[in-house]
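Novice: I have a structure here, written as structure tokens, and I will follow up with some questions on it.
Residue numbers (UniProt numbering): 1 to 241.
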């Protein structure tokens, strides 16, 4: 299980998750791409599928292989497991008076759900929440290793360095960094993040978000972008994928 993490929203985690999944599919391997971001999920929208059922259904006892399904349009070998519903207070206006306890429950629930996904495919890729809060901790605890995604923006790089440090503290080895929306990697990125740079991914010029379920965008329909993800998978094999 590989966590795809980053410190800042919009860094390219979801695109990287799907790009790596598609590259593995081209190798005739089976993959489940999981959205662990229950507050700001993107994976379902980018994949053209409904937000529910998702990881919450797995937490309720549904088999992960029944909840996960193909994207629309489908990608060979790849199933998508959306985040499902958000935490209990999301969108309800309710005030959670046990914030710490609720966060602990969410963290434990996410870890338990991800444990049930392990082994249902040749590879499991987890699209992680941004930041360093409890929701970001859970998938890093569950994963075998992490890939850190960043742009060349200085703030994004600084946040990525914090995420890399957090992953190490949680015993998720950092396999390397991916520099998104870049034609080349600036010098010093590997030193800042204290990990190898696996490669960069050019900007395809496509918005990663969509406004309606069932009309997913195809951010990976670019030969250079696909080739970049093929190279990333090669850099991660055989140790991490």
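Glycine included, each C-beta is placed from N, C-alpha and C at the ideal position.
Remember, predicted model here, so these are calculated numbers, not experimental data.
Return helix, strand or coil for residue 230, following the three-state DSSP convention.
Specialist: helix
Novice: From residue 72 to residue 45, what does the alpha carbon distance come to, in whole angstroms?
Specialist: 10 Å
Novice: If we count the other Cβ atoms within 10 Å of its Cβ and call it buried at 16 or more, is residue 227 buried or exposed?
Specialist: exposed
Novice: Quick one, are the C-beta atoms of residue 179 and residue 199 less than 9 Å apart?
Specialist: yes
Novice: If you pair each beta-carbon of the segment 153–170 with each one of the segment 30–45, do three or more pairs fall below 8 Å?
Specialist: no
Novice: Counting pairs of beta carbons, one from the segment 104–119 and one from the segment 45–64, are three or more of them closer than 8 Å?
Specialist: With the rule of 3 Cβ pairs closer than 8 Å, the segment 104–119 counts as touching the segment 45–64.
Novice: When DSSP labels each residue in this structure, what does residue 137 get in the three-state scheme?
Specialist: helix
Novice: Would residue 112 be called buried (16 or more neighbouring beta carbons within 10 Å of its own) or exposed?
Specialist: exposed
Novice: Report, in whole angstroms, the separation of the C-beta atoms of residue 143 and residue 2, which I expect to be a contact under 8 Å.
Specialist: 6 Å
Novice: Express the C-alpha separation of residue 62 and residue 23 in angstroms, rounding to a whole number.
Specialist: Rounded to whole angstroms, residue 23 to residue 62 spans 28 Å at the Cα level.
Novice: Tell me the start and end of each unbroken beta strand (DSSP E) in the segment 29–99 that is at least 3 residues and wholly inside, in chain order.
Specialist: 31–35, 78–81
Novice: Take every Cβ of the segment 13–28, pair it with every Cβ of the segment 125–141, and state whether three or more of those distances are shorter than 8 Å.
Specialist: yes
Novice: Expressed to the nearest angstrom, what Euclidean distance is found between the alpha-carbon atoms of residue 79 and residue 36?
Specialist: 15 Å
Novice: Would you kindly work out how many angstroms separate the C-alpha atoms of residue 196 and residue 106, rounded to a whole number?
Specialist: 32 Å
Novice: Applying the 10 Å Cβ sphere with the 16-neighbour rule, what's the burial state of residue 139?
Specialist: Buried: at least 16 other Cβ atoms inside 10 Å.
Novice: So residue 220 and residue 19 are supposed to be a Cβ contact under 8 Å. How far apart are they, rounded?
Specialist: 5 Å
Novice: To the nearest whole angstrom, what separates the beta carbons of residue 29 and residue 123, a pair I think is in contact under 8 Å?
Specialist: About 6 Å separates the two Cβ atoms, so the contact holds.
Novice: For residue 155, which residues from the same chain have a beta carbon less than 8 Å from its beta carbon, with the 5 sequence-adjacent residues on both sides left out?
Specialist: 8.
Novice: Residues in its own chain within less than 7 Å of residue 164 by CB, not counting five upstream and five downstream?
Specialist: 148, 174, 193, 194, 195
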